[in-house]
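Residue numbers (UniProt numbering): 1 to 60.
Note that the Cβ used here is the ideal one computed from N, Cα and C, for glycine as well.
Given the structure is predicted, the values throughout are model-derived calculations rather than measurements.
Working notes, structure below.
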Amino acid sequence: NKALKKKGTAESKELNAYEIKVSKLELELENAKQKFEEMSDNYQKEIEDKKISEDNLLGE
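Spelled out as structure tokens, the structure:
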């Protein structure tokens, strides 16, 4: 019975460590998604600005 309790405690600690790692990875993933979205928005705006500049140059 003591051996089972020890094993259960060890498994519980290991599970807790994995849960912490998963939480950290989820946070990293969320931050990466946000950064990707910001970069995509910036690139899209840059493309639109360059298109407007090109249209203005062609219109002159």
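- For asparagine 1, there is no enclosing alpha helix (DSSP H), as DSSP marks it with neither H nor E.
- Taken through DSSP and simplified to helix, strand or coil, glutamate 38 comes out as helix.
- Non-local C-beta neighbours of lysine 45 in its own chain, meaning closer than 7 Å and more than five positions away in sequence, are absent.
- Straight across, the Cα-Cα distance linking glycine 59 with serine 53 is about 10 Å.
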